[in-house]
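Per the numbering used here, the sequence shown starts with residue 14, numbered consecutively. Each residue gets a CB set at the ideal place from its N, CA and C atoms; glycine is no exception. Heads up, the thing below is written out as structure tokens.
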Amino acid sequence: MNVLKSMVHNFNSGPSILPKTVFEQASQAILDFNHTGLSILEIGHRTKLFQEVMDEAIALVKELMQLDADHEVLFLHGGASTQFFQVPMNLLDEKETAAYLDCGTWGTKAIREARIFGNVNVVASSADKDYTYIPKGYKIPNNSKYFHYTTNNTIEGTQMHSIPDSSVPLVADMSSDILSRSMDFNRFALIYAGAQKNIGAAGVNLVIVNKQVLGTVSRKLPTMMDYRNHIANGSMLNTPPVFAVYVCLLTLRWLKANGGIAAMEETNQAKARLLYDTLDALPLFTPKVAREDRSLMNVVWIMEDEQLEKAFLDTCRENGMVGVKGHRSVGGFRASLYNALPMESVIVLTDLMKDFSQQHS
Ligand SMILES: Cc1ncc(COP(=O)(O)O)c(C=O)c1O
Numbered sequence: 014m015n016v017l018k019s020m021v022h023n024f025n026s027g028p029s030i031l032p033k034t035v036f037e038q039a040s041q042a043i044l045d046f047n048h049t050g051l052s053i054l055e056i057g058h059r060t061k062l063f064q065e066v067m068d069e070a071i072a073l074v075k076e077l078m079q080l081d082a083d084h085e086v087l088f089l090h091g092g093a094s095t096q097f098f099q100v101p102m103n104l105l106d107e108k109e110t111a112a113y114l115d116c117g118t119w120g121t122k123a124i125r126e127a128r129i130f131g132n133v134n135v136v137a138s139s140a141d142k143d144y145t146y147i148p149k150g151y152k153i154p155n156n157s158k159y160f161h162y163t164t165n166n167t168i169e170g171t172q173m174h175s176i177p178d179s180s181v182p183l184v185a186d187m188s189s190d191i192l193s194r195s196m197d198f199n200r201f202a203l204i205y206a207g208a209q210k211n212i213g214a215a216g217v218n219l220v221i222v223n224k225q226v227l228g229t230v231s232r233k234l235p236t237m238m239d240y241r242n243h244i245a246n247g248s249m250l251n252t253p254p255v256f257a258v259y260v261c262l263l264t265l266r267w268l269k270a271n272g273g274i275a276a277m278e279e280t281n282q283a284k285a286r287l288l289y290d291t292l293d294a295l296p297l298f299t300p301k302v303a304r305e306d307r308s309l310m311n312v313v314w315i316m317e318d319e320q321l322e323k324a325f326l327d328t329c330r331e332n333g334m335v336g337v338k339g340h341r342s343v344g345g346f347r348a349s350l351y352n353a354l355p356m357e358s359v360i361v362l363t364d365l366m367k368d369f370s371q372q373h374s
């Protein structure tokens, strides 16, 4: 089993690779959590044992992201897709308008959900070129209730490299680049991210909300949908996804021990640079997105020759590479370079590309 694992290079887009130590510690906790003789899967969420897990996970997010006292950290269910509607439900009244940026599949879904609750002003879109770039120069009207955007477009492979300059409260879907680069996270009114890429196991969402923006809508909110109830109950309004939160804690500990977000960013930049430089140098492969908007997390490219695409995918598979096929909606290839992916995997992939190019040109 270990031999097989060491041969696999996991470029999956999510759920995706996590640090090996996290797998080991999570496995151990299933057998015997903290020498209690109990599995993490059988402890009550109201116990001191789990309270300590939740408290430490929240404290680590606050520390790593340098959040101020107004920003609350929540671990919620339902995936990022639930946040597509929970955000407008909590922040947008029926007659109010929120500004949205349409720059990918997930942003489009967020827009669709927001329209159920209020007015949506799509301030810019890159749909005209299949979302292969990030729109620039758009205006966010000052009277918008908030401005929503996706920091990293997982499927299309684009990323916003700076925070939009606006006085409007910012809301960001950071599912696929959270904890991968330094930012002033306190500038955001609300941040959400499914855990299954850079934070931990699938089944839990990280939500960071500035409590000052809550309580301004007139509609009645279901108990489970109101962020204020989750804040008041420390993310334990009902049974939390205990194991998924524990895996987040392990990943957050790993992240801190390995230098925090700044260190991740440095390695992430080096990994992406190597892959993009290789793609740019080899005519057989064509990166799909505008150079200045390239994602450091999800690198997307195509090959002009479809026969060769199949041959390259087969070569990847034979060499232990997993998850290199592009999303079914865009085709081609995608390699996801999340925090836990070692540089070594990118070296193996780029060496393979060079060999393949030599053989086929
Ligand atoms: C940027 C982004 N937003 C939202 C989602 C949807 O997440 P979930 O499946 O957790 O609802 C994904 C999933 O990959 C994503 O990449």
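Contact test: residue i Cβ vs ligand 1 heavy atom, cutoff 6 Å
| i | result |
| --- | --- |
| S2 | The structure shown does not extend to residue 2, since the chain is modelled only from 14 through 374, so no value can be given for it. |
| W314 | no |
| W119 | yes |
| G207 | yes |
| T167 | yes |
| T145 | no |
| T163 | yes |
| S189 | yes |
| D186 | yes |
| S139 | no |
| A93 | yes |
| G27 | yes |
Bridge partner(s) assigned by DSSP for residue i
| i | result |
| --- | --- |
| Q172 | N165 |
| E85 | V222 |
| G207 | N218 |
| N1 | This structure cannot speak to residue 1, because the chain is shown only from 14 to 374. |
| F160 | A112 and L183 |
| K301 | In the DSSP output, where bridge partners are listed per residue, K301 has none listed. |
| S138 | D115 |
| K338 | F346 |
| H22 | M334 |
Cα-Cα separation between residue i and residue j, rounded to whole angstroms
| i | j | result |
| --- | --- | --- |
| L17 | F325 | Note that L17 scores a pLDDT of 46, beneath 50, so its modelled location is shaky; the value from the coordinates is reported in the next line. Distance between the alpha carbons of L17 and F325: 21 Å. |
| N15 | V35 | Any reading at N15 needs caution, since the residue's pLDDT is 43, under 50, leaving its predicted position unreliable; the model's value is listed next. Approximately 15 Å, taken between the alpha carbons. |
| Q99 | A202 | 14 Å |
| T363 | L350 | 13 Å |
| K122 | T95 | 11 Å |
| G333 | V361 | 10 Å |
| I43 | S52 | 5 Å |
| A270 | S138 | 39 Å |
| Y113 | T145 | 18 Å |
| K149 | E305 | 11 Å |
| N223 | H48 | 37 Å |
| P28 | A285 | 20 Å |
| N166 | A303 | 13 Å |
| T229 | Q320 | 56 Å |
| L263 | D68 | 13 Å |
| S248 | R200 | 23 Å |
| M366 | P101 | 44 Å |
| R375 | T280 | Shown here, the chain extends from 14 to 374; a query on residue 375 therefore has no answer. |
Top-ranked residue by Cα proximity to residue i, from the options
| i | options | result |
| --- | --- | --- |
| T163 | N155, M67, D190 and A185 | A185 |
| I221 | A208, T229 and A214 | A208 |
| L268 | M78, Q41, G27 and N47 | M78 |
| G344 | K301, S358 and V361 | K301 |
| L288 | S29, V337, N332 and G273 | V337 |
| L250 | M366, Q64, R125 and S139 | Q64 |
| Y159 | I204, L192 and S195 | I204 |
| A275 | D197, E331, I315 and A303 | D197 |
| N155 | A214, A111, E322 and E126 | A111 |
| L183 | R194, I153 and I212 | I153 |
| M187 | D143, D141, G216 and W119 | W119 |
| Q41 | V260, E126 and N23 | V260 |
| H84 | K233, D141 and Q225 | Q225 |
| L30 | S358, A353, V217 and L89 | What sits at residue 30 in the sequence shown is Ile, not Leu. Checked all of S358, A353, V217 and L89; the closest Cα to I30 is A353. |
| M316 | E279, N281, S374 and E331 | S374 |
| A93 | I191, C116, S180 and A82 | I191 |
| K75 | V181, L309 and L219 | L219 |
Touching or not, the stretch 238 to 255 and the stretch 57 to 75, by the rule of three or more beta carbon pairs under 8 Å? When C-beta atoms of the stretch 238 to 255 are compared with those of the stretch 57 to 75, three or more pairs fall below 8 Å, so the two segments count as touching.
Inspect the CB distances between the stretch 290 to 301 and the stretch 357 to 373 and report whether three or more fall short of 8 Å. yes
Count Cβ pairs between the stretch 94 to 111 and the stretch 125 to 144 that sit closer than 8 Å; are there 3 or more? yes
Three-pair Cβ contact test at 8 Å for the stretch 166 to 178 versus the stretch 237 to 248: no
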